[in-house]
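Numbering (our numbering), first residue to last: 2 to 881.
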């Protein structure tokens, strides 16, 4: 049997022999294409080539492209696992011509590969063409020898291909494979007349002739080209003689892993098989997404990853998987596909750790959400309702993070639908509320103050890379209220815009410069500098004396000490980024930064808290780079030249045709417009102050450099000396002294709790005088003096031993106006009522809620005045 790996290799080798350049798969995150969430077709990385905007150095290419389809026009998620051929992640085999060969060679190459290289039966092959494409119709007869009755003309829906609403497009020709009458849907089965699996599309040849504009107009591409796509999974199923893509070798090993973990057999039941297929599919998508740098989050690509993980876990529940398992099946993906995609191997350890942690976090959410959803579905079925309200579905998402697609999956099995429009309306309403709250927060976008200046075309020329002083005319003055003025006088604050400035405007995470502006009539302190537009800098000033006038000549001077401190932190941010990659792995990417004179803050992608050893290694690497006193160089390059040189671009940032590259030779090279040192030694030193988590998969380091490091060490030394004095300890004795004090505190606390519990349980005999009988059931409701819930539980244990059959409810008022409530029901009464049922209404009376086992439940509340009402509700419930 020919494996999928062999088919992929044969495909690439065949087209290489036909003069095609083998091109590696591009990442699932499209480069420089904001119109796409993920790479969804083989031609995505060649989009600029088809548009004539890029010349790659070759006219023919072949790839096996990683693809993901989970949203928008190409959304296969809901069908995954339920059909034989829908996937989220898949591989697209493709050959491309950029203005070189066209329809005839494309048809010839495809026919030769299918019939001669992998040996498909010619009698089972058919072709379709676009309804008006007479040329393609004739070429199938000429090149492949197909008779006209085996060539079908289809309309735009089937045979005109476009990547999206805009972009390259053109008529296409599909190659169909007849899988035999045994999979036929009936007497009317045929190409173009049904959607059954007998005639299977295996290869799509797109004759790229047009560019689809936003207006809907199609204009001719500068060079007619070829874009073909053949799903590896689909052609492997044909070659391996199986009816489902999930039965090919690429999937079967992953499915076997999942089945083994669950203790089930693939092929036993449809429900189990669907779950196993979903897990296998999503395991592949998860492994490849993480390898390409995507981390779980609540928006964008990260949300897709989180959604796939959670959907796989939901289907795992259906086959009895309650413990984390997806990290294991995703690990199997690496074993199956790591040879072809080495990035899987490089990120395996990190990926498995990240997926496991995400599974563990969602496990709690899933159990809670499923229980609430099941309760609602039970209620709906009893009431004869058929649609879950949008408000309920949104509450599950908003309160518990429970995804809508899981709600749909569960509800669909019980014949119930979800009001998705209502759900979307609730989502939109929440966003509107958040936006309104932000508007009312007093936050103002400074750029709004300079809208008229921007519209007038006013610009500032930045000279701060070369000098920290400059002379320039004051082109605009803006008051603190946003009004254009002709002067600002002593004590007033506002903004000054000059034609030339050495002040760096706040951008790219770096704080703006501070300093002074002086004229013949006055001088001002520059408290900060903002970038009002791409080429407009505004100085936030306070007039120290005299006045500053419009159109005056001014001397501008940046505070050299503050600029130097900021530069130390910025250069060390680059060194830190590289050190983190070296110590933690290549998956580390910058997720945000803040550079000020006082400190640096760096957010980065990583799943786990760093260990003390890792933090020390990172500190050592950065300080080693500082001690090298290596030069820090800058160079402005065309963006492609910068990429070719190996400079790191920040994901999500937009760059122009040229970029500034900051390099520490042999250490770091990044796109960056900020201000830096001229040599790393000027940083002096580097010290990590803290490492923490800021979001799922995102960590944050705060650090100090230069004199800030020295100040921090002095502060810590002062705190240490005070601590030694307070603990009456000498240097080296402090940890032991602190441990002894902690042990003493724990012992005293335990003794206090034991005394409190003894006091509470000793009330039992006195409380028994309140025992009453209601409907033949012994009931005791009593308020107890207990300082904490532990003491209250011990009091309950004492009372239960004295009331072997009956209902006991006790409550205690605790510090802060809080209430603790416990209800116990003896086992012989469980047929009539249980503790959770009794405590539900009782807890409401004290402003709380609770739950527990049938024999004992506990609750907390905030209204001590409701204790007697709570007891009354217990008595009423027992009375029936």
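Backbone N, C-alpha and C define an ideal beta-carbon position, used for all residues, glycine too.
Remember, it's a predicted structure, so these values are computed and weren't measured experimentally.
* Round the Cβ separation of residue 262 and residue 326 to the nearest angstrom and send it over; I've been treating them as touching at under 8 Å. => Yes, they are in contact, since the Cβ atoms of residue 262 and residue 326 sit about 5 Å apart, within 8 Å.
* To do: Within the region 603–658, note down every full beta strand (DSSP E) run reaching 3 residues or more, in order along the chain.
  => Qualifying beta strand (DSSP E) stretches, in chain order: 634–639.
* To do: Quick one: residues in its chain with C-beta nearer than 6 Å to the C-beta of residue 153, no 5 flanking neighbours on either side, listed in chain order?
  => Cβ neighbours of residue 153 beyond the five flanking positions: 129, 192, 193.
* **Proximity of residue 344 and residue 286 at Cβ, strictly below 8 Å** => No, these two residues do not count as a Cβ contact at 8 Å.
* **residue 717 - DSSP class collapsed to helix/strand/coil** => Helix.
* To do: Check whether the region 674–681 touches the region 566–578, taking contact to mean three or more Cβ pairs, one atom from each stretch, closer than 8 Å.
  => Because the criterion of three Cβ pairs below 8 Å is met, the region 674–681 and the region 566–578 touch.
* Please confirm whether residue 250 and residue 4 have their CB atoms less than 8 Å apart. => Residue 250 places its beta carbon less than 8 Å from that of residue 4.
* Which same chain residues, not among the five before or five after residue 876, have their C-beta less than 7 Å away from its C-beta? -> The residues are 775, 780, 782.
* Asked: Roughly how far, in whole angstroms, is the beta-carbon of residue 468 from the beta-carbon of residue 283, given that I think they are within contact range, below 8 Å?
  -> Residue 468 to residue 283, Cβ: 56 Å. No contact.
* Okay, do the region 687–704 and the region 660–677 touch, 3+ Cβ pairs below 8 Å being the bar? -> Under the Cβ criterion (8 Å, minimum of three pairs), the region 687–704 does not count as touching the region 660–677.
* Would you list the one or two residues that DSSP bridges to residue 200? => For residue 200, which the question treats as bridged, DSSP gives the partners 179.
* Asked: Mind checking residue 518: buried by the 16 CB within 10 Å criterion, or exposed?
  -> By the C-beta density criterion, residue 518 is buried, having at least 16 other C-beta atoms within 10 angstroms.
* Span separating the alpha-carbon of residue 505 from that of residue 460 -> About 14 Å.
* Asked: By a C-beta neighbour count over all protein chains shown, 10 Å radius and 16 as the cutoff for buried, is residue 242 buried or exposed?
  -> Under this definition residue 242 is an exposed residue.
* **Local conformation of residue 427 per DSSP, three classes** => Secondary structure at residue 427: helix, using DSSP grouped into helix, strand and coil.
* Candidates 94, 100, 527, of which the one nearest residue 42 by Cα -> Of the candidates 94, 100, 527, the one whose C-alpha sits nearest the C-alpha of residue 42 is 94.
* Asked: Name the DSSP beta bridge partners of residue 462, please?
  -> Residue 462 is bridged to 501.
* residue 704 to residue 649 span [Cα, whole Å] -> Spanning the two alpha carbons is a distance of roughly 22 Å.
* To do: Kindly indicate the opening and closing residues of the beta strand (DSSP E) around residue 328.
  => Residue 328 -> not in any beta strand (DSSP E); alpha helix (DSSP H) instead, spanning 327–338.
* **Contact under 8 Å by Cβ, residue 332 with residue 349** => A distance below 8 Å separates the beta carbons of residue 332 and residue 349.
* Where does residue 265 sit, in a helix, a strand or coil, going by DSSP? -> Coil, per DSSP.
* Where the alpha helix (DSSP H) containing residue 142 begins and where it ends -> First-last of the alpha helix (DSSP H) with residue 142: 135–145.
* Using the DSSP secondary-structure output, state which residues sit across from residue 374 in a beta bridge. => Partner(s): none; residue 374 has no beta bridge.
* When 173, 354, 309 are compared against residue 403, the one with the closest alpha-carbon -> Of the listed residues, the one whose Cα sits closest to residue 403 is 309.
* Determine the extent of the beta strand (DSSP E) in which residue 795 is found, giving its start and end residues. => That residue, residue 795, is in no beta strand (DSSP E); its alpha helix (DSSP H) goes 790–803.
* Asked: Can you list, in chain order, the residues of its chain whose CB lies under 6 Å from that of residue 371, leaving out five sequence neighbours each side?
  -> Nothing listed; no residue qualifies.
* **Beta-carbon gap between residue 207 and residue 156 smaller than 8 Å** => No.
* Asked: Closest by CA to residue 600, which one among 642, 713, 750, 633?
  -> The option with the nearest alpha carbon to residue 600 is 713.
* Flag this pair as yes or no: are the beta carbons of residue 859 and residue 853 separated by less than 8 Å? => Contact: yes.
* Given residue 490 as reference, the closest of 545, 233, 220 once Cα atoms are compared -> Of the candidates 545, 233, 220, the one whose C-alpha sits nearest the C-alpha of residue 490 is 545.
* Asked: Based on the DSSP output, what are the partners of residue 554 in its beta bridges?
  -> In DSSP, residue 554 forms a bridge with 474.
* Supposed close pair residue 80, residue 21 - CB separation, criterion 8 Å -> That belief does not hold up - the Cβ atoms of residue 80 and residue 21 are roughly 33 Å apart, past 8 Å.
* Asked: So, is the C-beta of residue 60 closer than 8 Å to a C-beta in chain B?
  -> Checking the listed chains, one finds no chain B in this structure; it contains a single protein chain.
* Asked: Cβ of residue 181 within 8 Å of Cβ of residue 205?
  -> It is not a contact, given that the beta carbons lie outside the stated cut-off.
* **DSSP three-state assignment for residue 703, whether helix, strand or coil** => Secondary structure at residue 703: strand, using DSSP grouped into helix, strand and coil.
* Under a Cβ-count criterion, where at least 16 other Cβ atoms within 10 Å of its own Cβ denotes burial, should residue 878 be classed as buried or exposed? -> Counting Cβ neighbours within 10 Å, residue 878 comes out buried, since at least 16 surround it.
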